[in-house]
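Following: one structure in structure tokens, then a few remarks.
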Amino acid sequence: MKVKINGIEVEAREGDTILEAAAAVGVRIPTLCFLKGTAPGGVCGVCEVEADGKPVRACIIKVKEGMDIQTDTEQVKADRRERLLKMAEGHRFDCEFCPRCSDCEFIRVLAENGIYDFEYQRRSNEGHEISLKGSIVHDDTKCIGCRRCICACTDGSVSMVSTENGFRSCVDPEKFTGSGECVAACPTAAFYID
Numbered sequence: 003m004k005v006k007i008n009g010i011e012v013e014a015r016e017g018d019t020i021l022e023a024a025a026a027v028g029v030r031i032p033t034l035c036f037l038k039g040t041a042p043g044g045v046c047g048v049c050e051v052e053a054d055g056k057p058v059r060a061c062i063i064k065v066k067e068g069m070d071i072q073t074d075t076e077q078v079k080a081d082r083r084e085r086l087l088k089m090a091e092g093h094r095f096d097c098e099f100c101p102r103c104s105d106c107e108f109i110r111v112l113a114e115n116g117i118y119d120f121e122y123q124r125r126s127n128e129g130h131e132i133s134l135k136g137s138i139v140h141d142d143t144k145c146i147g148c149r150r151c152i153c154a155c156t157d158g159s160v161s162m163v164s165t166e167n168g169f170r171s172c173v174d175p176e177k178f179t180g181s182g183e184c185v186a187a188c189p190t191a192a193f194y195i196d
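Position one of the sequence shown corresponds to residue 3 (our numbering), numbered consecutively onward.
Here it is, written out as structure tokens:
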């Protein structure tokens, strides 16, 4: 089927999401909640694009014949920036000491969207780190509420709790198996191996 992405007509496969169709032709749409092979994302809204003039989440909306997709309109960029800044409000930026400092997916997506200044958001993680099985540590001050850990952890040990800045991951140490899926899935260092 044919769709337009940023004004260029491209071939897309039936059943593909906008995210998949864009990736197939080299157009990167940022995501933070999407985790390939798990339940659909759509939670964070970072992958917002315009499809036929309406804002949609690229990771969950499937392409349709003739669909006109715009990935970088001023409104899309403004909405994406607003969502990223909201996520950043609850994240502890101590990047130089962070276990993910050299490969933090969240920092990369922020930078791709022109967000670089995190100094004002430093705060302590005292009392927020929990040691779990398998040398895994959970630090809820690093959580951005993307829910990828919930999708990845099949043991049911991870859930979300409401906070003033949105949602944060919460772990039941009794159920936690230490398989490491949460570490691999996390775009920050809310879960890491000590």
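Ideal placement from N, C-alpha and C gives every residue a C-beta, glycine not left out.
These figures come from a predicted structure and were not determined experimentally.
Integer-rounded CB distance, given that residue j should sit under 8 Å from residue i
{"i": "Pro86", "j": "Val111", "result": "According to the sequence displayed, residue 86 carries Leu and not Pro. So it is a contact: roughly 7 Å between Cβ atoms."}
{"i": "Thr190", "j": "Phe108", "result": "5 Å"}
{"i": "Cys145", "j": "Glu183", "result": "Wrong, their Cβ atoms sit about 16 Å apart, outside the cutoff."}
{"i": "Asn8", "j": "Asp74", "result": "7 Å"}
{"i": "Thr40", "j": "Cys153", "result": "4 Å"}
Other residues of its chain near residue i: CB distance less than 7 Å, five sequence neighbours each side excluded
{"i": "Val173", "result": "Ile132, Leu134, His140, Ser159, Val160"}
{"i": "Arg59", "result": "Gly44, Gly47, Cys49, Glu50"}
{"i": "Glu11", "result": "Lys4"}
{"i": "Thr114", "result": "Contrary to the premise, residue 114 reads as Glu rather than Thr in this sequence. Answer for Glu114: Pro32, listed in chain order."}
Assigned secondary structure, residue i (DSSP; H/G/I helix, E/B strand, else coil)
{"i": "Ala53", "result": "strand"}
{"i": "Ser133", "result": "strand"}
{"i": "Lys88", "result": "helix"}
{"i": "Val27", "result": "coil"}
{"i": "Lys38", "result": "coil"}
{"i": "Arg15", "result": "coil"}
{"i": "Lys66", "result": "coil"}
{"i": "Lys177", "result": "coil"}
{"i": "Val185", "result": "helix"}
{"i": "Phe99", "result": "helix"}
{"i": "Val45", "result": "coil"}
{"i": "Ile20", "result": "helix"}
{"i": "Asp105", "result": "coil"}
{"i": "Arg149", "result": "coil"}
{"i": "Arg82", "result": "helix"}
{"i": "Arg110", "result": "helix"}
Other residues of its chain near residue i: CB distance less than 8 Å, five sequence neighbours each side excluded
{"i": "Gln77", "result": "Glu52, Pro57"}
{"i": "Cys103", "result": "Cys97"}
{"i": "Cys106", "result": "Cys97, Cys100, Pro189, Thr190, Ala191"}
{"i": "Arg82", "result": "Pro32, Gly47, Val48, Glu50, Asn115"}
{"i": "Ile117", "result": "Arg83, Leu86, Leu87, Ala90"}
{"i": "Ile63", "result": "Thr19, Ile20, Ala53"}
{"i": "Glu67", "result": "Met3, Lys4, Val5"}
{"i": "Val29", "result": "Ile7, Asn8, Thr73"}
Bridge partner(s) assigned by DSSP for residue i
{"i": "Ile162", "result": "A quick correction: the sequence has Met, not Ile, at residue 162. The partner list for Met162 (beta bridge, DSSP) reads Ser171."}
{"i": "Gln72", "result": "Glu52"}
{"i": "Phe193", "result": "His140"}
{"i": "Arg59", "result": "Glu50"}
{"i": "Lys4", "result": "Glu13"}
Beta-carbon contacts of residue i that lie in its chain and below 6 Å, excluding the five residues immediately before and after
{"i": "Asp157", "result": "Lys177, Thr179"}
{"i": "Val45", "result": "Cys35, Arg149"}
{"i": "Ser137", "result": "Ile195, Asp196"}
{"i": "Ala14", "result": "Met3, Val5, Ala23, Val65"}
Near the ligand HEM: residue i beta-carbon under 6 Å from a heavy atom
{"i": "Cys155", "result": "In the structure on display, the ligand HEM does not appear, and there are no ligands present to speak of."}
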